[in-house]
Structures are given as structure tokens and as C-alpha cells.
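Using this note's numbering, the first residue of the sequence shown is number 268, and each one after it goes up by one.
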Amino acid sequence: MARTDETGQEAQQSSPFGTTPPAPPPVGGAAGPNGRMPRWLPRALVLALALVAVFQLGSWAFHQLTGLLINILIAFFLALAIEPAVSWMASRGMRRGLATFVVFIGVIIVAAGFVTLLGSILADQIIKMIEGFPDYLDSVINWINTHFKTDLKRVDIQEGLLRSDWLRNYVQNSATGVLDVSAQVIGGLFQLLTVALFSFYFAADGPRLRRTICSLLPPARQAEVLRAWEIAVNKTGGYIYSRGLMALISGAAHFVLLQALDVPYAPVLAVWVGLVSQFIPTIGTYLAGALPMLIAFTVNPWYALWVLIFVVIYQQFENYVLQPKLTAKTVDIHPAVAFGSVIAGTALLGAVGALIAIPAIATLQAFLGAYVKRYDVTDDPRVHGHRRRGEGPSLVTRARQVWARRAGRERPDGGGSEGGDSGKSPV
């Protein structure tokens with residue numbers, strides 16, 4: 268008897284041993300033969316989440332501590348700047364902490380004196396402007412009444428100004444602004460104390476700090492760290508001292524000029540020009556000369572012109588005579604590199620970056636120069652930008668040759684052409 272289709276299908280699906288084989292795994296099903304997750308996947312997920320959490324935490328902490336890190340960076344460069352003076356005093360038998368304190372007191376006295384003198388100028392000018400404001404207002408009112416046929420009075424203008432909503436709103440905003448300014452002043456004083464404290468510790472405990480860092484490194488790395496530290500101290504200190512000396516010379520020269528022109532506040536203006544012109548490269552001299560020019564203009568307009576001429580001449584003297592001699596052994600940076608480093612430092616860290624940009628670039632340049640191998644430059648004229656002496660005809664000889672060729676062309680018989688013998692140079 269023949270089997271039916273159902274019986275035939277069952278017979279085909281059944282095993283010859285009477286058992287049913289397992290069904291094949293579905294496509295796109297479980298990851299393993301038993302349908303279980305690999306053992307490494309949970310650990311990888313946990314590790315990835317942990318790394319993301321650590322990165323987020325580190326980013327948040329970095330943004331919260333940015334101000335403190337900038338203050339520490341300023342303190343470090345300030346400590347490098349005073350390190351030579353402190354080390355010199357310590358080598359003469361003075362305790363290092365006392366030497367650091369003496370240097371700090373000197374810096375504070377100089378800075379406080381400069382700020383006090385400059386503030387006295389501004390306060391005096393503001394007082395003069397306030398005292399002369401009624402007379403200036405009367406002159407403006409008279410000019411308006413004369414040209415526009417009006418009948419304005421100063422009393423009416425004052426009453427209208429006192430009753431205006433603009434003045435009331437301005438006073439209210441100023442009261443709020445006073446609180447903001449007070450908070451900013453307190454915050455600035457706190458930052459100043461923070462920088463002073465860290466810089467004092469960096470300078471006073473410099474050897475201990477170096478020993479601590481070197482104890483974490485092998486001997487070969489210790490030598491490299493100490494060499495980099497020495498380069499940073501030499502370049503930063505050299506930059507500060509050379510700029511200070513040039514500021515002294517610039518201030519003395521401008522003081523003589525302003526005193527000769529009988530410009531008021533000549534000593535303070537000379538200090539202003541000396542500091543601003545030296546610590547802002549390339550354009551600092553012109554920015555510093557703007558204030559003396561403005562005050563000289565109030566005395567006599569021609570005095571402002573004389574100040575401008577002197578500023579331009581002194582800038583050339585400083586660039587080509589004074590600066591190469593004073594900075595040859597301290598900080599030798601191209602003016603374009605110095606200006607670009609200041610712009611980059613300002614973009615990154617603001618005014619702080621502008622102050623520490625040049626010492627940082629000088630340190631990096633010296634450090635690279637100590638490790639980068641250099642070769643002798645070829646004598647190719649394209650490298651030196653001019654012909655070597657004795658190479659090729661001289662200028663007089665070439666001029667005589669050109670003159671001989673021109674004379675040969677002007678002859679009527681044409682025998683003095685460039686191809687003929689008569690057109691040859693007599694030399």
C-alpha cells in the first residue's frame with residue numbers, strides 16, 4: 268500500500284534512527300551558538316561609559332579651574348623672572364626666603380608708585396574737566412544762540428536734565444554698577460594675592476621643587492628637565508631685565524624732551540612711555556606716545572608734532588642700535604615673531620598671554636635650538652640676497668659697457684651694432 272504525502276513528509280523529516288534532528292538557527296538570531304551575549308561586551312560598555320564620565324568630569328573641572336591655572340602660570344613666569352636676582356642674593360649668604368621677600372617688596376614699591384603717579388594724572392585731569400564744564404557749556408550755549416537765533420539758558424538746561432528720566436535711570440544703573448565694580452575689584456585683589464603667593468613659593472622653594480620633580484624621573488630625564496628649567500630662567504629673566512633697561516633709557520630720553528617742552532607731568536609720562544613701549548612689541552612705542560602727544564597738544568599743537576617726530580626717530584634708534592646690543596645675549600627674537608606671539612597669546616589668554624608670550628616663545632626657541640641639529644649654509648647668492656664681493660663685473664664696469672653699446676647704436680653707418688667689433692666696450 269502506497270504511503271500518503273503526509274506520511275511521506277513525516278518519513279523524510281524523521282531520522283533513520285527514529286529521532287528528530289534539531290532545527291537550524293534562524294537568520295539574524297542570537298549572537299552565539301547558545302543565543303547568549305559575549306562575555307567581553309558588558310565590560311566594553313562599562314569601560315566606554317566610564318571613559319565618557321571621566322572625560323566629562325575632567326572637562327568640567329578644567330573649566331572650573333581655568334582661572335586658578337592661569338594664575339599659577341603667571342606666578343610661574345614671575346618666579347622665573349626674579350629667579351636670577353634671588354639666586355644672586357642667596358649666593359651672597361642671604362636666606363632664599365628673605366631674598367625672595369626683598370625682591371617682592373621692591374617690585375611692589377615700583378608698581379605702586381607707578382599706579383599712584385598715573386592715577387594722580389587722571390584724577391587731576393578729571394577735576395579740571397569738571398571745574399571747566401560750566402564755562403564750556405556756556406560757550407556752547409552762546410554759539411547755539413548766535414547761529415540759530417535761540418534763547419537757551421544754562422539754568423533751564425540744568426533743570427531739564429535733573430528732571431529727566433534718563434538721569435534717573437542712569438543713577439539707578441550706576442548704583443548697580445558700583446556693586447559690580449566693587450565685586451570685580453575684590454576679585455582682582457584676590458587674584459593678585461594668589462599670584463603673589465604662588466610666585467613667592469615658586470621662587471623661594473625653587474630648589475626643593477626641582478628636587479621633587481627630578482625624584483620622579485630617571486637620571487637622563489633629570490638632566491633634560493634641569494637644562495630646560497635653566498633655559499627658561501635665563502630667557503625669562505633676560506627678557507625682563509633687558510626690557511627694563513630699555514624702558515629706563517626710553518623713559519629718560521622722553522623725560523628730557525617733555526621737560527624741555529615744558530609739558531606737565533613729564534616724569535609720569537616718561538615712565539608710561541618707557542613701560543608700554545617696551546612690553547608691547549613693535550607698536551608699543553606709538554601707543555605709548557599717544558598720551559604725551561595728547562597732553563602736549565593741550566599746551567601747544569606744535570609740541571605734539573615735536574613729540575611725534577621724536578617718537579618716530581627714537582623708535583628707529585631703538586630698533587637698529589639699542590635693541591640688538593642689549594638683547595643679543597638674552598632674547599633674540601625676530602620682531603615679526605614677537606608681534607605674532609603677542610597676538611596669539613592675547614587671543615588665548617588675554618592680557619596675561621600678551622605678557623608671557625615673548626618669554627615663552629624665547630624659551631621654546633632656545634630649547635629647540637639646543638636639540639635641533641643645524642648645518643652650514645651654502646654660499647649661493649640666492650641665500651645671502653646679494654652677490655659676493657669680486658663676483659661678476661662691478662657697477663662702474665657695467666655702466667661703461669651700457670654706455671658703449673648705446674654710443675655704438677647711435678652711429679649713422681650702423682657699424683656700432685651689438686654684433687659688430689666697433690660696439691665692443693673699451694674695457
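All C-beta atoms in this analysis are idealised placements derived from N, C-alpha and C, irrespective of residue type, glycine included. Computed from a predicted structure; not experimentally measured.
Give a yes or no on whether the C-beta atoms belonging to Pro559 and Val538 are separated by under 8 Å.
Not closer than 8 Å, so no.
Enumerate, from N- to C-terminal direction, the unbroken alpha helix (DSSP H) stretches of 4 or more residues contained entirely within the segment 526–610.
Taking only runs of at least 4 residues, the alpha helix (DSSP H) segments lying wholly in the segment 526–610 are 533–546, 551–566, 568–584 and 590–593.
Report the rounded CA-to-CA distance for Phe371 versus Ser354, giving the unit in angstroms.
When rounded, the distance between both Cα atoms is 14 Å.
Mapping the DSSP letters down to three states, classify Val644 as helix, strand or coil.
In this structure, Val644 counts as coil in the three-state DSSP scheme.
Quick check: the Cα distance between Ile411 and Asp405, rounded to an integer number of angstroms?
Taking the straight line joining both Cα atoms gives about 10 Å.
Considering Arg477, what are the terminal residues of the alpha helix (DSSP H) in which it resides?
Gly473 to Cys481 is the extent of the alpha helix (DSSP H) around Arg477.
Suppose the cutoff is 6 Å on Cβ atoms and the five residues either side in sequence are ignored; what does the same chain contact list for Ala297 look like?
Its pLDDT being 46, under 50, Ala297 is placed unreliably by the model, and the measurement read from it follows with that caveat. Cβ within range, chain order: n/a, list empty.
When DSSP labels each residue in this structure, what does Gly617 get in the three-state scheme?
Reduced to three states, the DSSP call for Gly617 is coil.
Any idea what DSSP makes of Thr417, helix, strand or coil?
Three-state DSSP puts Thr417 in coil, outside helix and strand.
Let me know if His414 comes out buried or exposed under the rule of 16 or more other beta-carbons within 10 Å of its beta-carbon.
Label assigned to His414: exposed.
In its own chain, which residues sit with a C-beta less than 6 Å from the C-beta of Gly295, not counting the 5 before and 5 after it?
Low local confidence applies: a pLDDT of 47 at Gly295 is under 50, so the model's placement there is unreliable, with the coordinate-based value given in what follows. So the list is empty, once near-sequence residues are dropped.
Contact defined as beta carbons within less than 8 Å: I believe Thr461 pairs with Ala348. What is the distance between those atoms, to the nearest angstrom?
Not a contact, Cβ separation roughly 17 Å.
Flag this pair as touching only if the segment 572–589 and the segment 547–556 have three or more C-beta atom pairs under 8 Å; answer yes or no.
A contact exists between the segment 572–589 and the segment 547–556.
Does the beta-carbon of Leu336 have 16 or more other beta-carbons within 10 angstroms, so that it is buried, or is it exposed?
It is exposed - the Cβ of Leu336 has fewer than 16 other Cβ atoms within 10 Å.
Given a cut-off of 8 Å on the beta-carbon distance, is the pair Ala366 and Ala357 in contact?
Yes, these two residues count as a Cβ contact at 8 Å.
Between Phe704 and Phe343, how many whole angstroms is the CB-CB distance? I'm expecting something under 8 Å.
The structure shown does not extend to residue 704, since the chain spans only 268 to 694, so no value can be given for it.
Measure the CB-CB distance between Gly607 and Thr613 and report whether it falls below 8 Å.
Contact flag unset, no.
Grab me the residues of Phe522's own chain with a C-beta within less than 6 Å of its C-beta, minus the 5 sequence neighbours each way, in chain order.
Excluding residues within five positions, the ones whose Cβ falls inside 6 Å are Ala533 and Ala537.
Sorted by chain position, which residues of the same chain lie with C-beta nearer than 8 Å to Ile562's C-beta, five sequence neighbours on each side aside?
Cβ within range, chain order: Val530, Pro531, Tyr532 and Leu536.
Since Leu493 and Arg477 are thought to touch, with beta carbons under 8 Å apart, how far apart are those beta carbons, to the nearest angstrom?
Confirmed, Cβ separation roughly 7 Å.
Return helix, strand or coil for Arg488, following the three-state DSSP convention.
DSSP places Arg488 in helix when its eight states are reduced to three.
Whose C-beta lies closer than 6 Å to the C-beta of Leu484 among residues of the same chain, with five residues either side of it excluded?
None.
Excluding sequence positions up to five away, which residues of its chain have a Cβ less than 6 Å from the Cβ of Tyr570?
Cβ within range, chain order: Leu528 and Ala563.
Thinking C-beta only, is Met513 closer than 8 Å to Leu589?
In contact: Leu589 and Met513 (Cβ atoms closer than 8 Å).
For Val319, count neighbouring C-beta atoms within 10 Å of its own C-beta (all shown protein chains included) and say buried if the count is 16 or more, exposed if not.
It counts as exposed.
Buried or exposed for Gln545, please, with buried defined as at least 16 other CB atoms from any protein chain shown within 10 angstroms of its CB.
Answer is buried; the Cβ neighbour count reaches 16.
For the alpha helix (DSSP H) containing Gly360, list its first residue and its last residue.
Note, Gly360: premise wrong, no alpha helix (DSSP H); not H, not E.
Which class does Pro401 belong to by DSSP, given the choice of helix, strand or coil?
Helix at Pro401.
CA-CA distance, Leu314 and Val543?
When rounded, the distance between both Cα atoms is 53 Å.
What would DSSP say about Met513, mapped onto helix, strand or coil?
Residue state, collapsed to three classes: helix.
Please tell me whether Gln458 and Asn338 are closer than 8 Å, where the distance is taken between their beta carbons.
It is a contact, given that the beta carbons lie within the stated cut-off.
Since Val500 and Pro351 are thought to touch, with beta carbons under 8 Å apart, how far apart are those beta carbons, to the nearest angstrom?
Confirmed, Cβ separation roughly 7 Å.
Could you give the first and the last residue of the continuous alpha helix (DSSP H) run that contains Ser326?
Counting along the chain, the alpha helix (DSSP H) containing Ser326 begins and ends at Trp307 to Gln331.
Going by DSSP in three states, Ser354 sits in which element: helix, strand or coil?
Looking at Ser354 - three-state DSSP - the assignment turns out to be helix.
Anyone know if the C-beta pair for Arg363 and Ala471 falls short of 8 Å?
It is a contact, given that the beta carbons lie within the stated cut-off.
Hey, how far is the Cα of Ala557 from the Cα of Ser517?
Spanning the two alpha carbons is a distance of roughly 15 Å.
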